[in-house]
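Note that my numbering has the sequence shown beginning at 7, numbered continuously upward.
Idealized CB from N, CA, C, for every residue including glycine.
Every value quoted in this text rests on a predicted model; they were computed, and no experiment measured them.
Down below is the structure, laid out as structure tokens.
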Amino acid sequence: MTTFKDLGLPLPIVRELQRQGITEPFPIQEAAIPDALAGRDVLGRGPTGSGKTFTFGLPMLTRLAESGVTRPGHPRALVLTPTRELAVQVRERLDAPANALGLRTLDVVGGVNINRHIRSLAAPVDLLVATPGRAQDLLDQGILHFDEVSVTALDEADQMADMGFLPQVRRLMDRTPKTGQRLLFSATLDGDVQKLIDRYLTDPVTHSTAPVEASVDTMEHHRLLVGDRDERNDIILRIGAREGKTIMFMRTKHGVDRQVKKLRRVGVEAAGLHGDKGQSTRTNALAGFSDGSVPVLVATDIAARGIDIHDVSLVVHVDPPAEHKAYLHRAGRTARAGNSGTVVTLVMDEQRKEVEGMMRKAGVEAPEVRVTADSDVLAKITGARVPSGTPLTPPGQQQTPGKKPSSRTPRQGAAAQQGNARQRGRTGRSAGRPGGSGSPGQRSSRRSS
């Protein structure tokens, strides 16, 4: 068995990983870490959850510890991510290894008062994790400088392209030294991502791991024919009451908010995640979802990108995505790090043809079955069961005594009450990580994340 020590990582990092119960690297880590430590530009292809954070992060920290002194406002390593949530998770994953080497990390993201970042940058920051917009703001104000960045990592490059961030990414990359090392990780390497590779990477070594996100053997796909909108609503409430962590995807921000209210009215602990939510609200939602106190997360596509929580056992496309790439990104939130997971798409009658074409483009075979809220097959596939019917107030508000639910409780049915006790045990959370983590740790004596 290959160990992290065998890959050439320094003893303080190896000991920290062992303290977290992490002993065996993922395949992409075993393949790419030695090249990154040697200073090569690395091109990594693989889905979120395949171990990319440690693949680029641990070599970056190792190389920083071996040379140089960091000045305030002049980080020596830079990681760019498409979303706030991913930036925070990357920084949290790297905090403990960085501390083991006496290095400091910081994330700077939109949605947080910029003065907080300005104060944090008054002290030396060795490795900076940033979203493109906030990094550009700090550069424009003269608070941040990239002239001493010796290694840059682009994480989820394809998602940055999909979200229209590449012009900003190019401006930021142009501010880093041309002689610096570049590490780029992406699920796909075509189109605009290839242009980034051609422009910024020099003779990169390529490492690819894992199949398309939605095609792993441990992931099941189903199309559930739900009739009309009212019938679909009853089904959603039953699914929300299941055991285990569930992510429900909606197309719009308003749809997210409405669905969260409906779930909470019947006693389902649910939280919403979309771009209009403040950073503290988003952080709290992810923290509750990660620790299991809020088992249902309702999200838009963009807000959920980069979520790295390994024990999500069910993904529900409440609103089927418009195109197949979105389906693959959504589906990739489950069946991570060797766990199994289920992906269901709720299809109203008028959506059947559209969804069938989208699934065909995604290369996914998903059996189609008609369900009702109290059908046995719904309970078998999703673990759906009857919610308590006791309404929950929004976080931070007091329950009004005697207040009745404002939406009807779904039809009762013995079959749907059976549920499916599939809640998976969490993979080992990194103990003692500064600031807490929205991303669970690696499995003991197995794999890293």
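Limits of the unbroken beta strand (DSSP E) element including residue i
i, result
"T158", "157 to 160"
"V175", "Unbroken run through V175 is the alpha helix (DSSP H), 172 to 180; no beta strand (DSSP E)."
"D113", "111 to 114"
"M354", "347 to 354"
"A38", "Per DSSP, A38 belongs to no beta strand (DSSP E); it is in the alpha helix (DSSP H), 33 to 43."
Pairwise C-alpha distance: residue j and residue i
i, j, result
"L352", "R248", "16 Å"
"R336", "A328", "12 Å"
"M179", "L92", "19 Å"
"L13", "P40", "6 Å"
"R229", "V272", "25 Å"
"L172", "D198", "8 Å"
"P16", "R82", "19 Å"
"G186", "T137", "20 Å"
"S319", "H151", "42 Å"
"Q26", "D143", "36 Å"
"P373", "R339", "20 Å"
"F10", "V392", "47 Å"
"A159", "L67", "12 Å"
"L163", "M169", "According to the sequence as given, residue 163 is Ala; it is not Leu. Those two C-alpha atoms are separated by around 10 Å."
"K409", "T396", "Here K409 scores only 45 on pLDDT, less than 50, and its place in the model should not be relied on; the value that follows carries that caveat. Rounded to whole angstroms, K409 to T396 spans 10 Å at the Cα level."
"G5", "G284", "In the structure as shown, the chain begins at 7 and stops at 455. Residue 5 is therefore absent and cannot be evaluated."
"D113", "D297", "22 Å"
"M7", "E30", "7 Å"
"G57", "L195", "18 Å"
"G38", "H260", "It should be pointed out that residue 38 corresponds to Ala in this sequence rather than to Gly. Each residue's Cα considered, the two are about 42 Å apart."
"S381", "T399", "29 Å"
"R177", "D146", "11 Å"
"S286", "N119", "11 Å"
"I28", "V75", "29 Å"
"G278", "I308", "13 Å"
"D204", "A44", "21 Å"
"R122", "F295", "26 Å"
"G347", "N239", "23 Å"
"V48", "V349", "32 Å"
"A141", "I124", "11 Å"
"E219", "T208", "The predicted position of E219 is uncertain, since its pLDDT is 48 and thus under 50; no value can be drawn from it."
Endpoints, alpha helix (DSSP H) assigned at residue i
i, result
"S126", "120 to 126"
"D236", "235 to 246"
"L64", "58 to 72"
"V48", "Looking at the DSSP string, V48 is not in any alpha helix (DSSP H); the run it does join, the beta strand (DSSP E), is 48 to 51."
"F473", "What is shown of the chain runs 7 to 455, which leaves residue 473 out entirely."
"S319", "Premise fails: S319 lies in the beta strand (DSSP E), 318 to 323, not in any alpha helix (DSSP H)."
"I28", "From DSSP, I28 is part of no alpha helix (DSSP H); its letter is neither H nor E."
"V361", "358 to 368"
"S286", "285 to 297"
"R140", "138 to 146"
CB of residue i within 8 Å of CB of residue j, strictly
i, j, result
"G246", "A276", "yes"
"A5", "I253", "Nothing in the structure corresponds to residue 5, since the chain is present only between 7 and 455."
"V94", "G63", "no"
"V375", "L231", "yes"
"L42", "P65", "In the sequence as presented, Leu is not what sits at residue 42; that position holds Ala. Yes. Within cutoff."
"T224", "D161", "no"
"H460", "E371", "Look at the range of the chain in this structure, 7 to 455, and you will see that residue 460 is not part of it."
"T111", "L100", "yes"
"V85", "V135", "yes"
"V300", "H280", "no"
"V302", "F255", "no"
"L127", "I149", "yes"
"V211", "T182", "no"
"G389", "G250", "yes"
Candidates the options: closest to residue i by CA position
i, options, result
"A129", "R188, S296, P78", "P78"
"K267", "T287, R99, A83, L243", "L243"
"G108", "L70, K184, Q142", "L70"
"V157", "R188, L49, G281, P88", "R188"
"G50", "I34, V114, L43, F60", "I34"
"S214", "I28, F32, T8", "F32"
"Q1", "L202, R181, D146", "Within the shown structure, residues of the chain are numbered from 7 to 455, placing residue 1 beyond reach of any answer."
"G139", "R122, I124, V115", "V115"
"V175", "I149, G148, D153, Y206", "Y206"
"A379", "H316, T258, I241", "I241"
"E360", "V377, P326, T208", "P326"
"F60", "R235, E237, D209, A102", "A102"
"R235", "V383, Q265, S192", "Q265"
"R342", "H316, V350, V349", "H316"
"E237", "D209, L384, V274", "L384"
#### Entry: Cβ pair count under 8 Å reaching 3, the stretch 102 to 116 against the stretch 13 to 28
yes
### Message
Three or more C-beta pairs under 8 Å: does that hold for the stretch 284 to 304 against the stretch 355 to 373?
### Response
no
### Message
Does the stretch 358 to 368 come into contact with the stretch 313 to 333, if we say contact requires no fewer than three beta-carbon pairs (one atom in each stretch) closer than 8 Å?
### Response
yes
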